[in-house]
Amino acid sequence: MVILHVVAPGEFGGLERVVQMLGRGLRGRGHEVHVVSVGTDPVSAEWFNQPLTEGGVQAHFVSVPGRAYSRERAAIAALCRRLRPDVVHTHGYRPDVLDAGAARRLGIPIVSTAHGFCGGDWRNRLYEYLQRRAWRRFDAVVAVSRPLGDRLARSGIERLRIHVLPNAWQRIVPLLDRDAARRALGIPQEDFVVGWVGRLSPEKGPDVLLDSLSHLNDLPIAVSVVGAGMDQAQLQARAGELGVADRIRWHGAIPDADRVFTAFDALMLSSRTEATPVVLFEAMAVGVPIVTTRVGGVPDVVSLEEAVLVPSEDSLALSAAIRDVYAHPAAAARRAHAARARLKTEFGVEPWLDRYESVYRLVTRTVQTSSASA
Numbered sequence: 045m046v047i048l049h050v051v052a053p054g055e056f057g058g059l060e061r062v063v064q065m066l067g068r069g070l071r072g073r074g075h076e077v078h079v080v081s082v083g084t085d086p087v088s089a090e091w092f093n094q095p096l097t098e099g100g101v102q103a104h105f106v107s108v109p110g111r112a113y114s115r116e117r118a119a120i121a122a123l124c125r126r127l128r129p130d131v132v133h134t135h136g137y138r139p140d141v142l143d144a145g146a147a148r149r150l151g152i153p154i155v156s157t158a159h160g161f162c163g164g165d166w167r168n169r170l171y172e173y174l175q176r177r178a179w180r181r182f183d184a185v186v187a188v189s190r191p192l193g194d195r196l197a198r199s200g201i202e203r204l205r206i207h208v209l210p211n212a213w214q215r216i217v218p219l220l221d222r223d224a225a226r227r228a229l230g231i232p233q234e235d236f237v238v239g240w241v242g243r244l245s246p247e248k249g250p251d252v253l254l255d256s257l258s259h260l261n262d263l264p265i266a267v268s269v270v271g272a273g274m275d276q277a278q279l280q281a282r283a284g285e286l287g288v289a290d291r292i293r294w295h296g297a298i299p300d301a302d303r304v305f306t307a308f309d310a311l312m313l314s315s316r317t318e319a320t321p322v323v324l325f326e327a328m329a330v331g332v333p334i335v336t337t338r339v340g341g342v343p344d345v346v347s348l349e350e351a352v353l354v355p356s357e358d359s360l361a362l363s364a365a366i367r368d369v370y371a372h373p374a375a376a377a378r379r380a381h382a383a384r385a386r387l388k389t390e391f392g393v394e395p396w397l398d399r400y401e402s403v404y405r406l407v408t409r410t411v412q413t414s415s416a417s418a
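So this is what it looks like as structure tokens:
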């Protein structure tokens, strides 16, 4: 089968890692896999493409200056005519809204993965509204959590076209040991460090992280923030107001950040909304104790046996959970060990690839049948 993925990679996150795992995994099963990145600068996509090409995936780049949307659609259509894919799989609202239609007009089945919603300002909410409308014309939409699948159905997408398939995990880049990871981040070896990894935007709750840290002034705890976003300056100012600025290291976005998770003594996920966050898998894989809000698909990934779960927006509960991890390291280690075992048994990549192949076969048969009866 010839499979074409279309993505507009941003700073490294869960969506980008999922596309890499899918591309490499499907290529390993004998499929001809292409991944096209859409953007303004091909150099910016090199970090994303390298693991793909190393795994035998053919990487392409469509350069689109500014808002040249017609040029983008024409380039995707030309690529489809040249590669003749059996299915086109888009990821993110830009490819879903702009690019999938070019494949559909050529009679190619289209699939999208709904990686989650950010909400945010009016512009982002508009993009997500257009994305939900576009999905109604897709042959299949994969939701990465049960709550997300329910939300898609409420937005008017046919239940028969929604496939709930949580993300999976497979290591792609080599892991650094604890000492090397701490050196890479500039963290003193003796510090107790809470890692926070994600986009610096409201849905991820970085402000709740700061508030929770202000309740831990009696403990020698530092926080490493890995990620970037438009709210960074505002968050740094807030950290100063709370008196915690000297306890936070802002590392910016780090490609392949899962390499350095060994630097952390705990991982905090303070999100207001999530689907199936890959960052949880990254922490589970290396045995880092997890403190997370109980939102979206998170409870389907970890239970109280594997992590400390707290309500969203509750900085006091988050600080109490971190305090518990700090005070009771043996119990935290037992939960981390259980999380690592659950990752291996429930979120392996091979069954996940089986399900995606089934979706591809289904949509190709459906489109072929529709064409034959037309």
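Position in the sequence shown counted from 1, then plus 44, gives you the working numbering. Glycine included, each C-beta is placed from N, C-alpha and C at the ideal position.
What's the gap between the Cα of PRO355 and the Cα of PRO343? 11 Å
Same chain, Cβ closer than 8 Å to HIS159, five either side skipped, listed in chain order: GLY58, LEU59, VAL62, HIS135, GLY136, VAL188 and ALA319
Beta carbon of GLY151: closer than 7 Å to some heavy atom of the ligand PLP? As far as ligands go, the structure on display features none, and thus does not contain the ligand PLP.
Among all the DSSP beta bridges, which residues are the ones paired with THR157? HIS135 and VAL186
From which residue to which residue does the alpha helix (DSSP H) around ARG293 run? Segment 292-296 is the beta strand (DSSP E) holding ARG293; no alpha helix (DSSP H) there.
Cβ pair MET328, LEU397 closer than 8 Å: no
Taking HIS381 as part of the beta strand (DSSP E), name the residues at either end of that continuous run. Looking at the DSSP string, HIS381 is not in any beta strand (DSSP E); the run it does join, the alpha helix (DSSP H), is 373-390.
Thinking just about the alpha-carbon of each residue, which of PRO129, ASP290, GLY340 and LEU257 is nearest to the one in PRO210? GLY340
Whole-angstrom distance between ARG149 and ARG282, CA atom to CA atom: 49 Å
Where MET274 falls, given that 16 or more other Cβ within 10 Å makes a residue buried: exposed
May I ask you to verify whether the segment 300-314 touches the segment 223-233, counting CB pairs closer than 8 Å and requiring at least 3? yes
Going by the CB atoms, is the gap between VAL185 and THR408 shorter than 8 Å? no
Can the beta-carbon of PRO129 be found less than 8 Å from the beta-carbon of LEU66? no
Touch check for the segment 357-369 and the segment 251-268: three-plus C-beta pairs under 8 Å? yes
Given ALA266 as reference, the closest of ALA122, VAL238 and TRP91 once Cα atoms are compared: VAL238
Could you check what DSSP says for THR337 in three-state terms: helix, strand or coil? strand
From what residue to what residue does the alpha helix (DSSP H) around MET312 run? Run containing MET312: none in the alpha helix (DSSP H); it sits in the beta strand (DSSP E), 310-313.
VAL87 classed as buried or exposed, judged by whether at least 16 other C-beta atoms fall within 10 angstroms: exposed
For ARG316 versus GLU390, is the C-beta distance shorter than 8 Å? no
Please identify the residue among VAL51, MET45 and GLU55 whose C-alpha is closest to the C-alpha of GLY271. GLU55
Quick one: residues in its chain with C-beta nearer than 7 Å to the C-beta of HIS295, no 5 flanking neighbours on either side, listed in chain order? LEU229, SER268, VAL269 and VAL270
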